[in-house]
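Trainee:
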Amino acid sequence: MYHHVKKLMYTVNVGEPDPRFGNMLLEQFGGANGELAAAMQYSIQGLNCEDMARKDLLMDIGTEELSHLEIVGSLIRMHLRPMKSDRGAAEADPLVAIAGGGGVSLYNSVGNAWTADYLKITGDLAVDLRSNIAAEARAKIVYERLISFTDDVGTKQALQFLMTREITHMKAFSAALESMDKPEFSIGTIAPTPGLVDQYFNASTGEGDHGETDHVGPWNSEHGLHIVNSVAWDGKEARDGGLNVRPYNPQPMSEKTSRVDSTPVGDRKIMKEDAQREKVA
Ligand code: MN
Ligand code: MN
Numbered sequence: 161m162y163h164h165v166k167k168l169m170y171t172v173n174v175g176e177p178d179p180r181f182g183n184m185l186l187e188q189f190g191g192a193n194g195e196l197a198a199a200m201q202y203s204i205q206g207l208n209c210e211d212m213a214r215k216d217l218l219m220d221i222g223t224e225e226l227s228h229l230e231i232v233g234s235l236i237r238m239h240l241r242p243m244k245s246d247r248g249a250a251e252a253d254p255l256v257a258i259a260g261g262g263g264v265s266l267y268n269s270v271g272n273a274w275t276a277d278y279l280k281i282t283g284d285l286a287v288d289l290r291s292n293i294a295a296e297a298r299a300k301i302v303y304e305r306l307i308s309f310t311d312d313v314g315t316k317q318a319l320q321f322l323m324t325r326e327i328t329h330m331k332a333f334s335a336a337l338e339s340m341d342k343p344e345f346s347i348g349t350i351a352p353t354p355g356l357v358d359q360y361f362n363a364s365t366g367e368g369d370h371g372e373t374d375h376v377g378p379w380n381s382e383h384g385l386h387i388v389n390s391v392a393w394d395g396k397e398a399r400d401g402g403l404n405v406r407p408y409n410p411q412p413m414s415e416k417t418s419r420v421d422s423t424p425v426g427d428r429k430i431m432k433e434d435a436q437r438e439k440v441a
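Numbering (the numbering used here), first residue to last: 161 to 441.
(1) In angstroms with no decimal places, state the Cα-to-Cα distance between Glu225 and Asp374.
(2) Counting only runs that start and end within the stretch 315–343, where is the beta strand (DSSP E) found for 3 or more residues in a row?
(3) Name the two residues that bound the continuous beta strand (DSSP E) containing His386.
(4) Using a Cβ-Cβ cut-off of 8 Å (strictly less than) and excluding sequence neighbours within five positions of Met184, which residues of its own chain qualify?
(5) For Gly314, which residues from the same chain have a beta carbon less than 8 Å from its beta carbon, with the 5 sequence-adjacent residues on both sides left out?
(6) Could you name the residues of the same chain whose beta carbon sits closer than 7 Å to that of Ser262, not counting the 5 residues immediately before and after it, in chain order?
(7) Can Ala297 and Met330 be called in contact, C-beta distance under 8 Å?
(8) Does the stretch 226–239 come close enough to the stretch 321–341 that 3 or more CB-CB pairs lie under 8 Å?
(9) Residues in its own chain within less than 7 Å of Lys289 by CB, not counting five upstream and five downstream?
(10) Does the count of Cβ pairs from the stretch 408–416 and the stretch 348–361 closer than 8 Å reach three?
(11) Which residues end up in the neighbourhood of ligand 1 when you take C-beta atoms closer than 6 Å to any of its heavy atoms?
(12) So which of Ser364, Thr423, Ala295 has the shortest CA-CA distance to Tyr202?
(13) Just the Cα atoms here: how many angstroms apart are Ala249 and Pro179?
(14) Is any heavy atom in ligand 2 found nearer than 7 Å to the beta carbon of Glu307?
(15) Is Lys300 closer than 8 Å to Ser418 when the C-beta atoms are compared?
(16) Keeping to the same chain, check which residues put their C-beta closer than 8 Å to that of His386; ignore five residues upstream and five downstream.
(17) With a threshold of 7 Å, establish whether the CB of Ile236 neighbours any heavy atom of ligand 2.
(18) Apart from the five residues just before and just after Pro354, which ones in its own chain have a Cβ nearer than 8 Å to its Cβ?
(19) Looking at C-alpha atoms only, which residue of Gly371, Ala192, Leu356 is the closest neighbour of Arg406?
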């Protein structure tokens, strides 16, 4: 149940309306990393969530994002107001001025309609929480860029409030993921192939004309990784035998999961028969 309270979560004050900045702000209203996308992503994930504790988290934050949408919408309307009567202002966003009468609609800053394609909803709680952490990081950086393109004090303060809340959410989603007590790289229920999972394939090799090098970094060696070289462009064979392509048939439910993980998706009968065969073998 939703209940609207006639009060903004953060009171917005705008000194000098700036229609061109109002247009930029639409990115956080009807854009890919905007507040509606966040509200819908978390609320719909919550609707699908079978773990009651984390369902509550998803509904809490999904609902707060709707309040953010209301703040951003109010802020945008203040900046777009001159469009109603001023031709120069209307040119900052003809779609908003002519089709929308200077009000907000669910478009991004270049007039693309909001779409459910923005949402990342997989039905796997641990995967969804990772998507949400990334979504909050994207929302944060977009707010930061908006802050850097306005001098209006009231606008900066409202955006600072919204930007801060995204980091708060990032902390909550991170804690929720950690509290599932899964190993860091455990996703789903089928274990990855041993050996292969630790092979870092050096697929981009040689030196470029602009100083690009075959760089070595922790991404080659941490978490058990080691480099496997690609066959060189001049036809020399890889020294270490290349990628491990031996077939591997993992036991169903072989990955370490969490008590609150989503119900595994798949043909339960086949999974049971596979498990039975493994036992006999
Ligand atoms: Mn938000
Ligand atoms: Mn958020």
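Built from N, CA and C at the ideal position, the CB exists for glycine as well.
Mentor: If we stick to the structure as given:
(1) 43 Å
(2) none
(3) 386–389
(4) Ser269, Leu306, Phe309
(5) Val172, Asn173, Val174, Gly175
(6) Going by the sequence as given, residue 262 is Gly instead of Ser. Around Gly262: Leu240, Arg241, Met243, Lys244, Val256.
(7) yes
(8) yes
(9) One point to set straight first is that residue 289 is Leu, not Lys, in the sequence displayed. The answer, listed in chain order, is Phe333, Ala336, Leu337.
(10) yes
(11) Glu195, Ala198, Glu225, His228, Ala299, Leu322, Arg325, Glu326
(12) Ala295
(13) 6 Å
(14) The question names Glu, but residue 307 is Ile in the sequence shown. Ile307 Cβ: outside cutoff for every heavy atom of ligand 2.
(15) no
(16) Asp358, Gln359, Tyr360, Asn380
(17) no
(18) Tyr408
(19) Leu356
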